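For reference, the structure is listed below as structure tokens.
Number of protein chains: 2
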Amino acid sequence: MKKIINDPETVVQDALRGMQAAHPDLLSVRYDPAVITRADAPVRGKVAIISGGGSGHEPLHGGFVGRGMLDAACPGAVFTSPTPDQVAAAVEATDGGAGALLLVKNYTGDVMNFEMAGELAESEVRSVVIDDDVAVQDSLYTAGRRGVGGTVLVEKIVGAAAERGADLAACEALANRVNASVRSMGLALTSCTVPHVGTPSFELAEDEMEIGIGIHGEPGRQRVPVGSAAEMVAALLDPVVADLPFAEGDRVLLFTNGMGGTPLIELYLAHGIAEAYLAERGITVERRLVGPYITSLEMQGMSLTLLKLDDELAGLWDAPVHTPALRWGV
Amino acid sequence: MKKIINDPETVVQDALRGMQAAHPDLLSVRYDPAVITRADAPVRGKVAIISGGGSGHEPLHGGFVGRGMLDAACPGAVFTSPTPDQVAAAVEATDGGAGALLLVKNYTGDVMNFEMAGELAESEVRSVVIDDDVAVQDSLYTAGRRGVGGTVLVEKIVGAAAERGADLAACEALANRVNASVRSMGLALTSCTVPHVGTPSFELAEDEMEIGIGIHGEPGRQRVPVGSAAEMVAALLDPVVADLPFAEGDRVLLFTNGMGGTPLIELYLAHGIAEAYLAERGITVERRLVGPYITSLEMQGMSLTLLKLDDELAGLWDAPVHTPALRWGV
Numbered sequence: 002m003k004k005i006i007n008d009p010e011t012v013v014q015d016a017l018r019g020m021q022a023a024h025p026d027l028l029s030v031r032y033d034p035a036v037i038t039r040a041d042a043p044v045r046g047k048v049a050i051i052s053g054g055g056s057g058h059e060p061l062h063g064g065f066v067g068r069g070m071l072d073a074a075c076p077g078a079v080f081t082s083p084t085p086d087q088v089a090a091a092v093e094a095t096d097g098g099a100g101a102l103l104l105v106k107n108y109t110g111d112v113m114n115f116e117m118a119g120e121l122a123e124s125e126v127r128s129v130v131i132d133d134d135v136a137v138q139d140s141l142y143t144a145g146r147r148g149v150g151g152t153v154l155v156e157k158i159v160g161a162a163a164e165r166g167a168d169l170a171a172c173e174a175l176a177n178r179v180n181a182s183v184r185s186m187g188l189a190l191t192s193c194t195v196p197h198v199g200t201p202s203f204e205l206a207e208d209e210m211e212i213g214i215g216i217h218g219e220p221g222r223q224r225v226p227v228g229s230a231a232e233m234v235a236a237l238l239d240p241v242v243a244d245l246p247f248a249e250g251d252r253v254l255l256f257t258n259g260m261g262g263t264p265l266i267e268l269y270l271a272h273g274i275a276e277a278y279l280a281e282r283g284i285t286v287e288r289r290l291v292g293p294y295i296t297s298l299e300m301q302g303m304s305l306t307l308l309k310l311d312d313e314l315a316g317l318w319d320a321p322v323h324t325p326a327l328r329w330g331v
Numbered sequence: 002m003k004k005i006i007n008d009p010e011t012v013v014q015d016a017l018r019g020m021q022a023a024h025p026d027l028l029s030v031r032y033d034p035a036v037i038t039r040a041d042a043p044v045r046g047k048v049a050i051i052s053g054g055g056s057g058h059e060p061l062h063g064g065f066v067g068r069g070m071l072d073a074a075c076p077g078a079v080f081t082s083p084t085p086d087q088v089a090a091a092v093e094a095t096d097g098g099a100g101a102l103l104l105v106k107n108y109t110g111d112v113m114n115f116e117m118a119g120e121l122a123e124s125e126v127r128s129v130v131i132d133d134d135v136a137v138q139d140s141l142y143t144a145g146r147r148g149v150g151g152t153v154l155v156e157k158i159v160g161a162a163a164e165r166g167a168d169l170a171a172c173e174a175l176a177n178r179v180n181a182s183v184r185s186m187g188l189a190l191t192s193c194t195v196p197h198v199g200t201p202s203f204e205l206a207e208d209e210m211e212i213g214i215g216i217h218g219e220p221g222r223q224r225v226p227v228g229s230a231a232e233m234v235a236a237l238l239d240p241v242v243a244d245l246p247f248a249e250g251d252r253v254l255l256f257t258n259g260m261g262g263t264p265l266i267e268l269y270l271a272h273g274i275a276e277a278y279l280a281e282r283g284i285t286v287e288r289r290l291v292g293p294y295i296t297s298l299e300m301q302g303m304s305l306t307l308l309k310l311d312d313e314l315a316g317l318w319d320a321p322v323h324t325p326a327l328r329w330g331v
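Sequences listed follow chains A and B, in order.
Count along the first sequence from 1, then add 1; that gives the number in my numbering.
Count along the second sequence from 1, then add 1; that gives the number in my numbering.
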């Protein structure tokens with residue numbers, strides 16, 4: 002195992018120290034339990050938008066904490082759900098008197114622990130479960146569909162609404178609406194190694210890729226020989242487009258995401274193919290995001306996410322955001 | 002070779018199509034010869050800041066084209082110098098009547114081809130060679146020191162000055178001053194594969210890392226067993242600090258750069274250690290940049306760059322920038 006770490010048991014704490022050092026103006030990190038909040042939390046009168054999950058998917062979620070996106074993130078151990086007391090501490094630290102919305106990726110442990118935290122909280126807490134991965138119905142750690150790239154878009158759009166003063170019910174409804182309008186699928190060219198495990202999460206042959214991979218290396222739909230970038234894009238977009246479905250005349254946001262170990266030159270190459278694929282089908286790409294935003298450690302691969310846009314969602318996407326990983330308009 | 006590509010021979014062109022699709026508001030891509038310019042080029046009365054080099058180091062340089070940074074970038078084939086006609090086309094496309102400054106990483110082919118382009122140009126052209134890598138004196142493709150992470154900082158700071166209206170002589174002097182104040186060194190945990198070569202650029206044993214690696218996989222100072230993150234940071238910062246030297250009381254920008262395949266969680270972890278290392282020596286980190294900004298395809302590893310700051314350089318660093326990879330203040 003080749004990693005830039007000191008001790009597999011302290012990777013998350015050590016990385017949090019670096020995040021705090023790197024972004025003193027944006028973030029405030031608490032270590033026990035581990036919670037990353039906006040530096041100016043709590044924001045009086047504002048709904049707190051909170052997410053979290055296992056570490057190893059950076060910049061998700063800690064890199065999305067800041068004005069216009071998340072009020073707090075709860076980083077679990079690598080590929081491990083955060084504990085209820087982490088989530089409860091995040092709710093307490095960001096309580097501005099307007100309640101909290103928990104954005105939860107659909108993994109059984111996450112759903113359970115966020116739910117327990119909501120029950121513990123003294124303030125009003127609601128949660129929305131994100132399940133945008135069309136690859137498989139049930140999975141290794143999940144009943145129903147997994148939450149993947151759509152999470153980034155939900156966090157940005159709902160974060161913008163909360164920043165503008167939307168109340169808890171409106172934020173909850175918006176999160177459900179975005180989740181209902183977004184679909185994703187990913188593929189892996191290589192595996193990844195969880196530090197405290199020390200061996201690869203799965204094995205792929207030298208000429209093989211996994212279509213429909215989960216962000217923790219959960220099995221997808223099939224293993225096939227590595228094809229061209231055009232074949233890869235079609236293998237992801239065919240099921241994504243068919244699922245919602247996305248149709249001619251639709252306006253979309255296209256999110257081309259890297260799994261962590263894939264170079265940016267390959268992501269841009271895939272993005273160009275995906276844009277051409279959608280143009281051929283009369284689907285208009287109006288917004289884009291390209292880069293490694295929801296990753297699986299050093300895994301090579303990508304995921305493609307489509308969100309059906311209307312003027313409201315496009316406007317909330319464009320709204321100012323000031324976080325370590327997404328920043329514009331400020 | 003597992004890559005998201007269609008054809009090893011068209012990787013750069015195909016990726017440029019994706020960049021153009023992803024950033025229609027920021028960039029204008031010309032394909033023959035390949036040049037990426039600001040969408041609003043040429044900017045009347047402004048010194049054009051132009052860089053370029055082999056592809057495979059994304060987001061460098063194309064990801065730094067935009068307001069407040071580069072006017073144009075010339076992407077060569079992967080790990081191959083751009084041709085003189087690419088650079089000449091960039092000079093012509095961005096000619097606002099105030100001359101052009103070429104920022105050239107110190108690799109023999111780059112220096113030669115940018116020089117030839119300067120001689121071809123009808124407008125006034127100067128160039129500054131960047132050579133911040135303290136690892137080795139001469140290298141596989143270089144006489145003297147290599148240009149690495151410091152390039153990102155030179156491009157940002159000189160780009161800000163040009164945007165504010167600095168003339169060609171002032172931009173040239175500033176680029177030389179930043180280059181004289183910046184030092185870097187990198188390490189690799191794994192190799193990388195150039196698409197049109199198809200085999201890894203070098204081999205590293207399962208327990209080995211290369212200290213002082215070049216961004217094209219050029220040999221560094223030594224191969225040693227993979228150590229802790231603290232040992233890695235010291236192996237890079239000891240020679241960087243000793244070289245300028247950086248001393249107690251200095252104000253610095255610390256740039257923790259990923260080589261492409263290293264997850265962000267490891268970069269943050271290393272960044273935290275580097276901040277503590279510098280604090281112990283009385284060196285004050287006033288600005289930070291953490292992420293994969295000058296990469297070597299899918300190589301795992303990192304580099305650390307230190308820039309000695311004063312109020313002028315800090316102010317130019319903070320100035321608004323609007324590019325695909327760096328964006329703030331707008």
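Heads up, the beta-carbon is just placed ideally off N, CA and C, and yes, glycines get one too.
Quantities reported herein were computed from a predicted structural model and do not represent experimental measurements.
Measuring CB to CB, does K157(A) end up less than 9 Å from V48(A)?
Working through the first sequence from its first residue, we reach residue 157(A) at position 156. Working through the first sequence from its first residue, we reach residue 48(A) at position 47. No, Cβ-Cβ distance for K157(A) and V48(A) is not below 9 Å.
Short of 7 Å Cβ to Cβ, which residues in the region 183-204 of chain B face chain A?
So the close ones are L190 and T191.
Please report the straight-line C-alpha distance between H349(B) and A122(A), rounded to a whole angstrom.
Shown here, chain B extends from 2 to 331; a query on residue 349(B) therefore has no answer.
Return the residues of the region 30-56 of chain A that lie within a Cβ-Cβ distance of less than 8 Å from chain B, sorted by chain order.
Along the region 30-56 of chain A, going in chain order, the ones with a CB nearer than 8 Å to a CB of chain B are S56.
Coarse secondary structure for T324(B), derived from DSSP in three states
As a first step, residue 324(B) is located in the second sequence; it is residue number 323 there, counting from the start. Coil.
Can you tell me the Cα-Cα spacing of S140(B) and V253(B), whole angstroms?
For this step, residue 140(B) is matched to residue 139 along the second sequence. For this step, residue 253(B) is matched to residue 252 along the second sequence. Each residue's Cα considered, the two are about 27 Å apart.
Is the beta carbon of I37(B) sitting closer than 9 Å to the one on L102(B)?
Residue numbering aside, residue 37(B) sits at position 36 when the second sequence is read from its first letter. Residue numbering aside, residue 102(B) sits at position 101 when the second sequence is read from its first letter. Not in contact: I37(B) and L102(B) (Cβ atoms no closer than 9 Å).
Local Cβ density within 10 Å of Q223(A), reported as buried at 16 or more and exposed below that:
In the first sequence, counting from the first residue as 1, residue 223(A) sits at position 222. Exposed, by the Cβ-count rule.
Just to make sure I have the definition right: I need the residues of chain B whose C-beta is within less than 7 Å of the C-beta of E164(A). Which are they?
Numbered from its first residue, the first sequence carries residue 164(A) at position 163. Near E164(A) there are no residues of chain B at all, since even the closest Cβ is about 18 Å away, more than 7 Å.
Residue environment, P226(B), which counts as buried when at least 16 other CB atoms sit within 10 Å
Position 225 of the second sequence holds residue 226(B). By the neighbour-count criterion, in which a residue is buried when 16 or more other Cβ atoms sit within 10 angstroms of its Cβ, P226(B) is exposed.
Is the region 238-246 of chain B close to the region 263-270 of chain B, with three or more CB pairs under 8 Å?
No contact exists between the region 238-246 of chain B and the region 263-270 of chain B.
Below 7 Å CB to CB, which residues in the same chain sit around Y294(A) once its five sequence neighbours on both sides are set aside?
Sequence index remark: in the first sequence, residue 294(A) carries index 293 (1-based). Only P60, L61, V153, N258 and A326 meet the Cβ criterion.
Where does N258(B) sit, in a helix, a strand or coil, going by DSSP?
Indexing the second sequence from 1 puts residue 258(B) at position 257. In the structure shown, the three-state DSSP call for N258(B) is strand.
Strictly below 9 Å CB to CB, what residues from chain B border P246(A)?
As a first step, residue 246(A) is located in the first sequence; it is residue number 245 there, counting from the start. The contacting residues do not exist; P246(A) stays about 23 Å from chain B at best.
Shortest alpha-carbon distance to A144(B) belongs to which of G151(B), I131(B), A94(B) and V155(B)?
Within the second sequence, numbered from 1, the residue matching residue 144(B) stands at position 143. Comparing Cα positions, the closest option is I131(B).
If we require 3 or more residues per run, which beta strand (DSSP E) segments fall completely within the region 89-164 of chain B?
For the region 89-164 of chain B, the full-length beta strand (DSSP E) segments reaching 3 residues or more read 101-106 and 126-131 along the chain.
Where does V331(B) fall in DSSP's three states?
Stepping through the second sequence from its first residue, residue 331(B) is reached at position 330. Secondary structure of V331(B) (DSSP, three-state): coil.
Output yes if chain B places a C-beta closer than 9 Å to the C-beta of P83(A); else output no.
As a first step, residue 83(A) is located in the first sequence; it is residue number 82 there, counting from the start. Chain B places no beta carbon closer than 9 Å to that of P83(A), leaving this residue out of the contacts.
L205(A) versus L190(A) - alpha carbon distance
The sequence position of residue 205(A) within the first sequence is 204, counting from 1. The sequence position of residue 190(A) within the first sequence is 189, counting from 1. Approximately 8 Å between the Cα atoms of the pair.
Suppose contacts are defined by Cβ-Cβ distances below 9 Å. Is G119(B) in contact with V149(B) by that definition?
Your numbering for residue 119(B) matches position 118 in the second sequence. Your numbering for residue 149(B) matches position 148 in the second sequence. Taking 9 Å as the Cβ cut-off, G119(B) and V149(B) do not qualify as a contacting pair.
Paired residues, beta bridge with Q223(A) - DSSP
Locating residue 223(A) in the first sequence gives position 222, where the first residue counts as 1. The beta-bridge partner set that DSSP reports for Q223(A) consists of I212(A).
Contact list for S140(A) against chain B, beta-carbon separation under 9 Å
Locating residue 140(A) in the first sequence gives position 139, where the first residue counts as 1. Correct list: empty, because the minimum Cβ distance to chain B is about 22 Å.
So within the region 275-321 of chain A, which uninterrupted beta strand (DSSP E) runs reach at least 3 residues, ignoring any that extend past its ends?
The region 275-321 of chain A contains these whole beta strand (DSSP E) runs: 285-292 and 302-309.
Buried or exposed for S56(B), going by 16 or more other Cβ atoms inside 10 Å?
Numbered from 1 along the second sequence, position 55 holds the residue referred to as residue 56(B). Burial is judged here by how many other beta carbons sit within 10 angstroms of a residue's own beta carbon; S56(B) has at least 16 and is buried.
S52(A) burial status per 10 Å Cβ neighbour count (16 or more: buried):
The sequence position of residue 52(A) within the first sequence is 51, counting from 1. For S52(A), the number of other beta carbons within 10 angstroms of its own is at least 16, and it is reported as buried.
Short of 8 Å Cβ to Cβ, which residues in the region 219-242 of chain A face chain B?
For the region 219-242 of chain A, which is checked against every Cβ of chain B, the residues closer than 8 Å are V227, S229, A230, A231 and M233.
State the Cα-Cα distance for the pair G273(B) and Q14(A), rounded to the nearest angstrom.
In the second sequence, residue 273(B) corresponds to position 272, counting from 1. In the first sequence, residue 14(A) corresponds to position 13, counting from 1. Roughly 10 Å separates the two Cα atoms.
Which residues, taken in chain order from the region 256-267 of chain B, show a beta carbon closer than 7 Å to some beta carbon of chain A?
Taken in chain order, the members of the region 256-267 of chain B whose beta-carbon sits within less than 7 Å of a beta-carbon on chain A are G261, G262, T263, P264, L265, I266 and E267.
Please work out which residues of its chain come closer than 7 Å, Cβ to Cβ, to E276(B), disregarding the five sequence neighbours upstream and downstream, and give them in chain order.
Working through the second sequence from its first residue, we reach residue 276(B) at position 275. The beta carbon of E276(B) sits closer than 7 Å to those of L255 and V286, all from its chain and outside the five residues before and after it, given in chain order.
For G97(A), collect the residues of the same chain with a Cβ closer than 7 Å to its Cβ; drop the 5 residues on either side in sequence, then sort them by chain order.
As a first step, residue 97(A) is located in the first sequence; it is residue number 96 there, counting from the start. Within the same chain, G97(A) has close Cβ partners P43, V44, R45, G46, K47 and A49.
Check each residue of the region 290-317 of chain B: if its Cβ is closer than 7 Å to any Cβ of chain E, include it; give the result in chain order.
The structure shown contains no chain E; the protein chains it does contain are A and B.
Take L58(B) and list the residues in its own chain whose beta-carbon comes closer than 7 Å to its own, dropping the five residues that flank it on each side.
Within the second sequence, numbered from 1, the residue matching residue 58(B) stands at position 57. Leu is not the amino acid found at residue 58(B); the sequence shown has His there. The answer, listed in chain order, is I216, I295, T296 and S297.
Kindly list, in the order they appear in chain A, the residues whose Cβ is closer than 9 Å to that of K157(B).
Reading the second sequence from its first residue, position 156 is the one you call residue 157(B). For K157(B), there are no neighbours in chain A by C-beta distance under 9 Å, as the nearest C-beta there is about 15 Å away.
Exposure of M113(A), with buried meaning 16 or more beta-carbon neighbours within 10 Å:
Mapped onto the first sequence, residue 113(A) falls at position 112. M113(A) comes out exposed.
Compare the Cα-Cα distances from F115(B) to each of G77(B), D133(B) and D251(B) and report the closest residue.
Sequence index remark: in the second sequence, residue 115(B) carries index 114 (1-based). Comparing Cα positions, the closest option is G77(B).
What residue from E249(A), A163(A) and V126(A) has the CA that sits closest to G283(A)'s CA?
Here residue 283(A) corresponds to residue number 282 of the first sequence, with the count starting at 1. Looking at the Cα atoms, E249(A) is the closest of the given residues.
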